[in-house]
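Right, one structure below, let's go through it.
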Amino acid sequence: MQIQQLKKYFFEELQAVFPETEINTFYHWLLEDFLQMKPVDAILNKTQRLTEEEEKQFKSAVERLKKQEPIQYILGKTEFYGYEFTVNPSVLIPRPETEELVDWIIKDHQGEKHLQVVDFCTGSACIAVSLSKNLWQSQVTAVDVSPQALEVAQVNAKNLAAEINFIESDVLQLDDFPKNQYDVIVSNPPYVRNLEKVEIKPNVLKYEPEIALFVADEDPLVFYQKITEIAKTSLKSGGSLYFEINQYLAEETKALVEQIGFTKVTLKKDIFNNFRMLKATR
619 MQIQQLKKYF FEELQAVFPE TEINTFYHWL LEDFLQMKPV DAILNKTQRL TEEEEKQFKS
679 AVERLKKQEP IQYILGKTEF YGYEFTVNPS VLIPRPETEE LVDWIIKDHQ GEKHLQVVDF
739 CTGSACIAVS LSKNLWQSQV TAVDVSPQAL EVAQVNAKNL AAEINFIESD VLQLDDFPKN
799 QYDVIVSNPP YVRNLEKVEI KPNVLKYEPE IALFVADEDP LVFYQKITEI AKTSLKSGGS
859 LYFEINQYLA EETKALVEQI GFTKVTLKKD IFNNFRMLKA TR
């Protein structure tokens, strides 16, 4: 199969599943990953033949895309805050909104040294690693309940030369955490209620880990309550707590954090104009 035939095959096979712009994006991502070809190279070398192995690789990717498996899982990687992170179905695919949370923290603490940071529900460690790389000489601890997620997180820390202290623990069962030690506590915990599943794309429901996404309808702020209680005693005086939050529960989350004892609580909107972030200062 030639490159020009591959493109025709790729679009014909996927046109019933995705819009053309999305197919085009997937096509070029796979070209670059599988063949190390930029779009211009594909045009200039359109008669180049694929090897049997390359053809097999593309056909496998097409079949997986037909089932709406996320392209990031097919590639085994994604970009976040300018870094390439390994991802697989053990971890959520990092979102642009989470980059905004990371950016807020980095801008708030620009120029500060030796910060002690903890990231609860770390997943792929995209937050922890990005903070470690951008907060000068910071010491970052990352906590997650899933050993499979922590395996991915450790790969990312190693690949990106970030020194992270990883802890396997269920934050909801965490009773003994260091007091008055941290400058920054951050978390992007599970916050989607089961009743909101109707709004979630089918490929997210089918492939991304439920444990990292969903909370019970009757207690949707359970993670925020526990982490805020930990932060109240674990943050140093003047330390900051940051959350990614459910846009539908922004005011409720703010009220909860204030009720636990934080006075300076700020909500912030994301690029989609939804209240998606919260900051509280001890």
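Residue numbers (my numbering): 619 to 900.
Even for Gly, the Cβ is constructed at its ideal location relative to N, Cα and C.
Can you give the Cα-Cα distance for residue i and residue j, rounded to whole angstroms?
i, j, result
"aspartate 762", "lysine 886", "25 Å"
"isoleucine 848", "isoleucine 724", "22 Å"
"leucine 749", "glutamine 843", "23 Å"
"alanine 634", "proline 688", "16 Å"
"valine 736", "lysine 656", "39 Å"
"lysine 776", "leucine 792", "26 Å"
"glutamine 622", "alanine 779", "39 Å"
"valine 773", "valine 810", "27 Å"
"glutamate 769", "glutamine 675", "26 Å"
"glycine 729", "asparagine 752", "10 Å"
"lysine 677", "isoleucine 641", "14 Å"
"proline 637", "glutamine 757", "44 Å"
"aspartate 615", "lysine 625", "Shown here, the chain extends from 619 to 900; a query on residue 615 therefore has no answer."
"glutamate 781", "arginine 682", "35 Å"
"serine 787", "phenylalanine 795", "11 Å"
"glutamate 670", "lysine 872", "57 Å"
Once you ignore the five residues that flank residue i on each side, which residues in its own chain have a CB closer than 6 Å to its CB?
i, result
"aspartate 651", "Leu693"
"leucine 648", "Ala679"
"arginine 667", "Gln620"
"phenylalanine 628", "Tyr645"
"aspartate 888", "Glu715, Glu718, Arg894"
"cysteine 744", "Phe698, Phe703, Pro712"
"phenylalanine 738", "Val761, Val789, Ser805, Ile845"
What did DSSP end up calling residue i once you bin it into helix, strand or coil?
i, result
"arginine 713", "coil"
"serine 750", "helix"
"glutamate 687", "coil"
"valine 735", "strand"
"valine 761", "strand"
"leucine 648", "helix"
"glutamine 620", "strand"
"glutamate 730", "coil"
"phenylalanine 880", "coil"
"phenylalanine 581", "No answer is possible for residue 581: the residues shown for the chain start at 619 and end at 900."
"threonine 740", "coil"
"phenylalanine 890", "coil"
"serine 678", "helix"
"glutamine 755", "coil"
"isoleucine 641", "helix"
"isoleucine 863", "coil"
"lysine 725", "helix"
"lysine 872", "helix"
"tyrosine 625", "It should be noted that the sequence gives lysine, not tyrosine, for residue 625. In this structure, lysine 625 counts as helix in the three-state DSSP scheme."
"glutamine 654", "coil"
Under 8 Å Cβ to Cβ from residue i, same chain only, skipping five residues before and after it: list those, please.
i, result
"leucine 846", "Reading the sequence as shown, one finds threonine at residue 846 and not leucine. The answer, listed in chain order, is Leu859, Leu874, Val875, Ile878, Phe880, Ala898."
"lysine 797", "Thr851, Ser852"
"proline 707", "Tyr691, Tyr825, Glu826, Pro827"
"proline 820", "Gln686"
"phenylalanine 890", "Glu715"
Could you pull the DSSP bridge partners for residue i from this structure?
i, result
"leucine 885", "Leu896"
"glutamate 697", "Glu702"
"serine 708", "Its beta-bridge partners do not exist; DSSP assigns none."
"serine 858", "Val802, Thr899"
"arginine 667", "Gln620"
Any chance the CB of residue i is under 7 Å from a heavy atom of the ligand NAP?
i, result
"asparagine 892", "The ligand content of the structure shown is nil, which means the ligand NAP is not present either."
Return the chain-ordered list of same chain residues with a C-beta closer than 7 Å to the C-beta of residue i, the five sequence neighbours on each side being excluded.
i, result
"lysine 731", "Trp754, Gln755"
Runs of alpha helix (DSSP H) wholly within the stretch 770–854 (minimum 4 residues, chain order): 820–825, 828–831, 840–852
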